Amino acid sequence: MARREADRAPQPGRSVAGTNLEFTRSHNRRVVLDTVRRLGPVSRAEIARETALTNQTISNIVEELEQAGFLLPGAPKREGRGQPSIPYTINPQGAWSLGFHVDHSAIIAALVDLTGKPVAIREIPAQRPSPRRAAPALRQLADALIEEAGVPASRLLGAGVALPVRFGVGAITTAGPTTLPGWDDPDARQHIAEALEQPVQIENDAMAAAIGERLHGVARAIDSFVFLFLDEGLGAGVFLGGQPWRGASLNAGEIGHMIVVPNGKPCPCGNRGCLERYLSLSAAQEFLGDEEFLADAPGSPALSELDGAISAPVERWVEEAAPYLASAVNILESTLDPETILLGGLAPAGVLAGLIEKAMPLPMSVGSRSGRSLPRLMAGSVGHHTVVLGAASLPIFDEINPRFDVLLKH
Ligand SMILES: [Zn+2]
Numbered sequence: 034m035a036r037r038e039a040d041r042a043p044q045p046g047r048s049v050a051g052t053n054l055e056f057t058r059s060h061n062r063r064v065v066l067d068t069v070r071r072l073g074p075v076s077r078a079e080i081a082r083e084t085a086l087t088n089q090t091i092s093n094i095v096e097e098l099e100q101a102g103f104l105l106p107g108a109p110k111r112e113g114r115g116q117p118s119i120p121y122t123i124n125p126q127g128a129w130s131l132g133f134h135v136d137h138s139a140i141i142a143a144l145v146d147l148t149g150k151p152v153a154i155r156e157i158p159a160q161r162p163s164p165r166r167a168a169p170a171l172r173q174l175a176d177a178l179i180e181e182a183g184v185p186a187s188r189l190l191g192a193g194v195a196l197p198v199r200f201g202v203g204a205i206t207t208a209g210p211t212t213l214p215g216w217d218d219p220d221a222r223q224h225i226a227e228a229l230e231q232p233v234q235i236e237n238d239a240m241a242a243a244i245g246e247r248l249h250g251v252a253r254a255i256d257s258f259v260f261l262f263l264d265e266g267l268g269a270g271v272f273l274g275g276q277p278w279r280g281a282s283l284n285a286g287e288i289g290h291m292i293v294v295p296n297g298k299p300c301p302c303g304n305r306g307c308l309e310r311y312l313s314l315s316a317a318q319e320f321l322g323d324e325e326f327l328a329d330a331p332g333s334p335a336l337s338e339l340d341g342a343i344s345a346p347v348e349r350w351v352e353e354a355a356p357y358l359a360s361a362v363n364i365l366e367s368t369l370d371p372e373t374i375l376l377g378g379l380a381p382a383g384v385l386a387g388l389i390e391k392a393m394p395l396p397m398s399v400g401s402r403s404g405r406s407l408p409r410l411m412a413g414s415v416g417h418h419t420v421v422l423g424a425a426s427l428p429i430f431d432e433i434n435p436r437f438d439v440l441l442k443h
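When you line the sequence shown up against our numbering, it's residues 34 to 443, in that order.
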């Protein structure tokens, strides 16, 4: 039964329909695009060295991608004797993508170019919108953004929707204050796709932010990492070997409900001592009382745009919460052995920086190995637009990321 439940649930990361573009999805093309994304500007010869594809294959693919508008040739560079080499980058104007961050009190929409840069952003208020109620609003926002940016609709890759949703896990789905109604319904995605007339992917906020980080952010060249996503709760987007790890029921990364204090504070999930009861913005809110407001979520003031200074009471909470962060790092490193752990989300940048600083020195784990090239714990994307930009990166990721699991099945 559990398996069937999972099969019927929305499948994050997969589209309902083909892309609007006449662009084949062959594995080699993805490999070339991904190489240019990571290393560009990069020449054909450099792509060949990186990918183990033949020069002829690279030439054919690069030519095709250039004609399709996905790659941009730079000025030829002469290196020693022989033909000058042409450096290629991703063409920002090659395609566009829509992202939506649906939350308890607002919907943020963004239109981004192929490099993930936002070209238009809008925000409207919305009270705990269901998919049915959100669908017409998303369409209106999409039309407004496309018109504002003057982007040809034929060059849209699709839309990503990110929200606090857990897929078909019973109690946790409905009990927590951090989830929205109706979005774990199998028809939700179809509903939105019909309204937008675009392929749509639905993803939880933490994983969407992690995919944005992998595609355009500090993790662009990091294959295995955990993106800790701090908002009202605490989630994580896990990348292993360059692929998002979603788990058997699509709920991997639900680390806010790891028990870190036996018989600790009661949690809406039914357990006691869950991590997010100590390390989350709702935990901070509880510590601070009603006076302070920390969240940088939709509908709240964009605190991350302030100078990052935090008040003395917030600093006291940071001191209290940081050991739980250190403990989470130890557990995640011991379980997954990632290259690094990133802390980001909807808290003000100053709070996240404070948490990272106060979590040091981190407890020993397999992560304390010598000769590391990256710190064990570092800052990832923060602020008001983290999730919507992650959402907009979903269709691009789907287009660019080499899918080795697909290769194995054929
Ligand atoms: Zn819990």
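Each residue gets a CB set at the ideal place from its N, CA and C atoms; glycine is no exception.
Note that the coordinates shown come from a computational prediction; the quantities given were computed from them, not determined experimentally.
Where residue i falls: helix, strand or coil (DSSP)
i: Asp264; result: coil
i: Val251; result: coil
i: Pro283; result: Contrary to the premise, residue 283 reads as Leu rather than Pro in this sequence. Residue state, collapsed to three classes: coil.
i: Ala204; result: Its pLDDT being 40, under 50, Ala204 is placed unreliably in this model, and the coordinates cannot settle the point.
i: Ile348; result: In the sequence as presented, Ile is not what sits at residue 348; that position holds Glu. In the structure shown, Glu348 sits in a helix (DSSP, three-state: H, G or I).
i: His418; result: coil
i: Leu147; result: coil
i: Thr84; result: helix
i: Pro428; result: helix
i: Glu353; result: helix
i: Leu213; result: coil
i: Phe56; result: Here Phe56 scores only 39 on pLDDT, less than 50, and its place in the model should not be relied on; the value that follows carries that caveat. Three-state result, Phe56: coil.
i: Lys391; result: helix
i: Pro396; result: coil
i: Pro299; result: strand
i: Glu319; result: helix
i: Glu112; result: coil
i: Ser187; result: helix
i: Ala335; result: Annotation note: pLDDT 44 at Ala335 (below 50); position unreliable, coordinate value reported separately. Three-state result, Ala335: coil.
Distance CB(residue i)-CB(residue j) smaller than 9 Å
i: Glu287; j: Gly303; result: no
i: Ile244; j: Gly423; result: yes
i: Leu261; j: Ala175; result: no
i: Leu273; j: Pro371; result: yes
i: Arg71; j: Ala254; result: yes
i: Leu171; j: Asn237; result: no
i: Ala128; j: Ile157; result: no
i: Ala153; j: Glu181; result: yes
i: Leu308; j: Met291; result: yes
i: Leu388; j: Leu312; result: yes
i: Leu376; j: Pro346; result: no
i: Leu131; j: Ala316; result: no
i: Ala168; j: Glu230; result: no
i: Leu105; j: Glu99; result: yes
i: Arg310; j: Lys298; result: yes
Nearest neighbour of residue i, chosen from the options [CA to CA]
i: Arg166; options: Asp370, Val293, Leu213, Lys150; result: Leu213
i: Gly448; options: Ala221, Tyr121, Ala78; result: The question about residue 448 has no answer here: the residues shown for the chain are numbered 34 through 443.
i: Ala85; options: Phe260, Thr68, His137; result: Thr68
i: Arg63; options: Ile94, Ala359, Leu410, Ala254; result: Ile94
i: His137; options: Ser401, Pro106, Trp216; result: Trp216
i: Met411; options: Glu265, Ile433, Leu385; result: Leu385
i: Gln89; options: Asn61, Val194, Ala281; result: Asn61
i: Ala382; options: Leu427, Ala254, Ser414; result: Ser414
i: Ser92; options: Ser118, Ala108, Arg70; result: Ser118
i: Phe258; options: Thr368, Pro109, Ala392, Ala425; result: Thr368
i: Asp256; options: Thr373, Glu265, Ala359, Cys300; result: Thr373
i: Leu365; options: Asp218, Trp350, Ala285, His249; result: Ala285
i: Phe430; options: Leu190, Gln126, Gln160; result: Leu190
i: Glu353; options: Lys391, Val75, Ile343; result: Lys391
i: Phe103; options: Ala355, Pro109, Tyr121; result: Tyr121
Beta-ladder partner(s) of residue i, from DSSP
i: Met411; result: Leu375
i: Phe258; result: Phe272, Thr373
i: Tyr311; result: Tyr311 pairs with nothing; no bridge assigned.
i: Gln234; result: Gly193
i: His134; result: Ile141, Ala195
i: Thr368; result: In the DSSP output, where bridge partners are listed per residue, Thr368 has none listed.
i: Leu104; result: Ile123
i: Arg165; result: Partner(s): none; Arg165 has no beta bridge.
i: Ala159; result: For Ala159, which the question treats as bridged, DSSP gives no partner whatsoever.
i: Trp278; result: Bridge partners of Trp278: none, in fact.
Please list, following the chain, all residues that have a C-beta closer than 5 Å to any non-hydrogen atom of ligand 1. His290, Cys300, Cys302, Asn304, Cys307
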